[in-house]
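>
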Amino acid sequence: MQNFEFYNPVNIVFGKGQISQLNKLVPAETKIMLAYGGGSIFKNGVYDQVKTALKGFDIVEFGGIEPNPHYETLMKAAEIVKKENLGFILAVGGGSVLDGVKFIAAAACWEGADPWDFLTQRSKYTVNKAIPLGSVLTLPATGSEMNGGSVVTRISTREKLAFMSNAVMPKFSILDPTVVFSLPEKQVANGVVDAFVHVIEQYLTFPVDAPIQDRFAESILVTLVEEGPKVLADRSDYEAAANFMWAATMALNGLIGTGVPQDWATHMIGHELTAFHNIDHARTLAIVLPGIMRVKKENKREKLLQFGERVWKITTGTTEERIDATISRTVEFFESFGIPTKLSAYGIGADFIPVVCDRFTQRGFTGIGERGDLTVAQIGEVLTLQL
Ligand code: NZQ
Ligand code: ZN
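Residues in the sequence shown are numbered consecutively from -5, following the working numbering.
(1) Is residue 169 near ligand 2, with its Cβ less than 7 Å from a heavy atom?
(2) Answer yes if the segment 7 to 23 comes into contact with the segment 160 to 179, meaning at least three C-beta pairs across the two stretches below 8 Å, and no otherwise.
(3) Taking 7 Å as the cut-off, does the CB of residue 188 come closer than this to any heavy atom belonging to ligand 1?
(4) Would the C-beta of residue 192 count as close to ligand 2, meaning under 7 Å from any of its heavy atoms?
(5) If you run the structure through DSSP and keep just helix, strand and coil, what is residue 154?
(6) Ligand 2 and residue 132: does the residue's C-beta get closer than 7 Å to at least one heavy atom of that ligand?
(7) Could you give the distance in angstroms between the alpha-carbon of residue 157 and the alpha-carbon of residue 305?
(8) Closer than 7 Å: is that where the CB of residue 265 sits relative to any heavy atom of ligand 2?
(9) Indicate whether residue 99 and residue 125 have their beta-carbon atoms separated by less than 8 Å.
(10) Give the single residue among 253, 83, 183 and 46 whose Cα lies nearest to the Cα of residue 226.
(11) Can you give the beta carbon distance from residue 376 to residue 263, rounded, assuming they're within the 8 Å contact cut?
(12) Are the CB atoms of residue 382 and residue 55 nearer to each other than 8 Å?
(13) Give the DSSP bridge partners of residue 230, in chain order.
(14) Take residue 363 and list the residues in its own chain whose beta-carbon comes closer than 6 Å to its own, dropping the five residues that flank it on each side.
(15) Identify whether residue 220 lies in helix, strand or coil by the three-state DSSP scheme.
(16) Give the DSSP-derived three-state secondary structure of residue 327 in the structure shown.
(17) Taking 7 Å as the cut-off, is the C-beta of residue 256 nearer than that to any heavy atom in ligand 1?
(18) Give the secondary structure of residue 68 by DSSP, where H, G and I count as helix, E and B as strand, and everything else as coil.
(19) What does residue 132 pair with, by DSSP beta-bridge criteria?
(20) Would you tell me roughly how many angstroms separate the C-alpha atoms of residue 159 and residue 143, rounded to the nearest one?
(21) Which term fits residue 285, buried or exposed, when burial requires 16 or more other beta carbons within 10 angstroms of its beta carbon?
(22) Indicate whether residue -2 and residue 252 have their beta-carbon atoms separated by less than 8 Å.
(23) Compare the Cα-Cα distances from residue 65 to each of 151, 107 and 43 and report the closest residue.
(24) Whole angstroms are fine: how far does the CA of residue 203 sit from the CA of residue 76?
(25) Can the beta-carbon of residue 265 be found closer than 8 Å to that of residue 180?
(26) In chain order, what are the residue ranges of uninterrupted alpha helix (DSSP H) at least 4 long that sit wholly in the segment 313 to 381?
(27) Assign residue 353 to one of two classes, buried (16 or more other C-beta atoms within 10 Å of its C-beta) or exposed (fewer than that).
(28) Suppose the cutoff is 8 Å on Cβ atoms and the five residues either side in sequence are ignored; what does the same chain contact list for residue 127 look like?
(29) Excluding sequence positions up to five away, which residues of its chain have a Cβ less than 6 Å from the Cβ of residue 28?
(30) Rounded to the nearest angstrom, what separates residue 351 and residue 359 at their Cα positions?
(31) I'd like to know if the segment 269 to 287 and the segment 228 to 236 are in contact, where contact means that at least 3 CB-CB pairs between them fall below 8 Å.
(32) Evaluate residue 196 with the Cβ neighbour count: other Cβ atoms within 10 Å of its Cβ, from every protein chain shown; 16 or more gives buried, anything less gives exposed.
(33) Is the separation between the beta-carbon of residue 187 and that of residue 276 shorter than 8 Å?
(34) Would DSSP call residue 30 helix, strand or coil?
(35) Just to confirm, is the Cβ distance from residue 200 to residue 293 under 8 Å?
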């Protein structure tokens, strides 16, 4: 196992009816921002629950945070936070609202020229100050409710970039599984696939004798495989919703990534598909991951066999046959949720591949993946396999 430091102070408040706890979790002595997305919280009753719990609190509302939150929108919110001297931000929504709030919280305290710099120049700038924030999660998928990551899209330059900081970890996150009841089929499918790929990024690398991390990771994968279809079939199945929600949080709260190599190439390439073609985050991962598994088969050989055996129960055949079956089974899993795994499903052809490759080259790319050896040419190969 590799050396590691694990820090996660997020207070998780889980279960039915827990939104009512907000008045004990949000500081009463300060003016707060209540931030949300395009309005789903008005339709499913979450907004009413939040407002009831926060009766008497001094609240400024900021709505309209888009899926793949836009820098342009978030900067407007950061200005309001500064102008109104707000002391706490409550995110009510999915990963986009949570990520957006993390950016707002950091941007409002940023003393440099432009907050965009802490996304483009991560080796130069560190975010170590932010307005405290909390969340009411409405979509299990990203793990943003229990981590310090945030992904922001700048529309004017078609860039989608991430930053990480302990300063933006939520003080608390309320996870009430009944929010799943109002999710459209597409968002359930996206959530299962995103969480699944988060585990894969931290697990499907090379072995370092870390059985705790491996078995935790496998338990999350198996849970998603078992519970995901139940949620899709019956959105009012509370137990399935609860297990799906906790699995998605556990997939990216840092625990399974401690002391093990991590990949993240699928996410980095996927972000370009969203930046240029506005494809939902999870759907980009379903396209890229099978290509990564094929191109990096040698690097990942031992873990591919372990993943196939322990998650998909593939135990017979030659090594090559077992690896191929593991990749096929993963593709089938994504497609069983109605999520395509080819670029052609979105009308994207080969002419797009050099656009993505150029972008990595322009950024002074030196290789990604668990061994840092995925080259720009191999990114091209991955996408070519997935045309
Ligand atoms: O905007 P509203 O009206 O709220 O509607 C949203 C949105 O249209 C809707 N929705 C959310 N909860 C709902 C609901 N509809 C009905 N009932 C509910 N309970 O779902 C739509 C999608 O929401 P969004 O927040 O965009 O989805 P998701 O949670 O999948 O977040 C995706 C974003 O998170 C980033 C992605 O890149 C993407 O920008 N990620 C963040 C990560 C992190 N912070 O650690 C890691 C991930 O890899 C990911 O990159
Ligand atoms: Zn993701």
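Glycine included, every Cβ here is placed at the ideal spot set by N, Cα and C.
Looking at the coordinates:
(1) no
(2) Enough Cβ pairs lie closer than 8 Å, so yes.
(3) yes
(4) Indeed, a heavy atom of ligand 2 lies less than 7 Å from the Cβ.
(5) strand
(6) no
(7) 31 Å
(8) No; taking the cut-off as 7 Å, the Cβ of residue 265 has no heavy atom of ligand 2 nearer than that.
(9) yes
(10) 183
(11) 7 Å
(12) Lying outside -5 to 381, the shown extent of the chain, residue 382 is not represented and no answer is given.
(13) DSSP output for residue 230 lists no bridge partner at all.
(14) 257 and 259
(15) Looking at residue 220 - three-state DSSP - the assignment turns out to be helix.
(16) It is helical.
(17) Not so, every heavy atom of ligand 1 lies at least 7 Å from the Cβ.
(18) helix
(19) Beta-bridge pairing links residue 132 to no other residue.
(20) 7 Å
(21) Residue environment analysis places residue 285 among the buried positions, since at least 16 neighbouring C-beta atoms fall within 10 angstroms of its C-beta.
(22) yes
(23) 151
(24) Whole-angstrom Cα-Cα distance: 48 Å.
(25) no
(26) 313 to 330, 347 to 356 and 370 to 379
(27) Residue 353 counts as buried, since at least 16 other C-beta atoms from the protein chains shown sit within 10 angstroms of its C-beta.
(28) 82, 83, 84, 85, 95, 96, 99, 162, 164 and 165
(29) 53, 55 and 84
(30) 10 Å
(31) no
(32) buried
(33) yes
(34) strand
(35) yes
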